[in-house]
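J.: In the numbering used here, the protein residues as written are 128 to 329.
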Ligand code: HEC
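1. Between which two residues does the alpha helix (DSSP H) holding residue 212 run?
2. State yes or no: is the C-beta of residue 259 nearer than 7 Å to some heavy atom of ligand 1?
3. Go through its chain and collect everything with a Cβ distance to residue 206's Cβ below 7 Å, but skip five positions before and after it.
4. Looking at the unbroken alpha helix (DSSP H) that takes in residue 157, where does it start and where does it end?
5. Considering residue 294, what are the terminal residues of the alpha helix (DSSP H) in which it resides?
6. Among the candidates 267, 239, 251, whose CA atom is the shortest distance from the CA of residue 170?
7. I believe residue 185 touches residue 246 by the beta-carbon criterion, under 8 Å. Please report the beta-carbon distance rounded to the nearest angstrom.
8. Taking contact to mean 3 or more Cβ pairs, one atom from each stretch, closer than 8 Å, check whether the segment 251-264 and the segment 224-232 are in contact.
9. Could you please give the first and the last residue of the uninterrupted alpha helix (DSSP H) stretch that includes residue 306?
10. Check this for me: beta carbons of residue 248 and residue 274, under 8 Å apart or not?
11. Which class does residue 174 belong to by DSSP, given the choice of helix, strand or coil?
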């Protein structure tokens with residue numbers, strides 16, 4: 128009996144030592160967002176996320192009737208709220224996009240395009256915990272038409288035109304410097320006496 132307890136005690140001690148060593152080995156860098164998650168981690172995370180999406184959302188199809196007005200509205204919205212991370216064309220090629228862990232995906236990719244409408248809506252409304260993807264829905268999901276509009280827009284991303292992207296650039300958030308330059312240019316163009324080349328100081 129005593130021998131058994133001694134063994135058990137020894138085993139526990141060994142497990143603690145191994146645990147501490149493993150933690151010390153893993154911890155430095157564990158919380159860095161510099162690396163990209165390995166393929167298997169992405170697959171498992173996607174699977175778990177799919178399973179964790181309530182089934183009545185998965186079954187929903189977009190209740191918003193697609194129209195050019197709805198798409199135009201969603202384009203403005205996306206340019207203003209989403210493009211900082213996702214880029215106007217959905218490629219995710221922004222200064223922040225690739226540096227998240229996990230990185231911002233290309234929304235035109237089949238992995239995203241193959242998701243159900245309701246699943247995309249769920250992601251936009253509720254966000255994705257432990258990632259850089261915020262929750263955008265205010266109030267009850269039933270009243271969140273804007274996120275459904277965005278689902279329509281994401282579906283259109285693979286066919287977005289250069290003209291539409293140019294239009295979106297006007298809605299992208301601007302830094303103060305960009306805003307000042309723009310104001311200066313507007314004043315200049317409206318005939319006021321400022322020279323945009325020299326009037327701006329750094
Ligand atoms: C602050 C950065 C940021 C902003 C702003 C942002 N996203 Fe995201 N988004 C992310 C990141 C990071 C991911 C990747 C999350 C992951 O892979 O789990 C993501 C993922 C997604 C996905 C893919 C979900 C999936 O299953 O892979 C969709 C769709 C999406 N975002 C839509 C939007 C829309 C629409 C907006 C604007 C309303 C938006 N995002 C704004 C960072 C952002």
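Note that beta-carbon positions come from the ideal geometry of N, C-alpha and C, so glycine has one too.
T.: With the given structure in hand:
1. Segment 210-213, the alpha helix (DSSP H) holding residue 212.
2. Yes, the beta carbon of residue 259 sits closer than 7 Å to at least one heavy atom of ligand 1.
3. 215, 295, 298, 299, listed in sequence order.
4. Taken as a continuous stretch (DSSP letters only), residue 157 belongs to no alpha helix (DSSP H), as it is neither H nor E.
5. Counting along the chain, residue 294 sits inside the alpha helix (DSSP H) bounded by residues 289-296.
6. Measuring from the Cα of residue 170, the nearest candidate turns out to be 239.
7. 6 Å between Cβ atoms; contact.
8. Contact holds: three or more Cβ-Cβ distances are below 8 Å.
9. Note, residue 306: alpha helix (DSSP H), 303-316.
10. Yes, these two residues count as a Cβ contact at 8 Å.
11. Looking at residue 174 - three-state DSSP - the assignment turns out to be helix.
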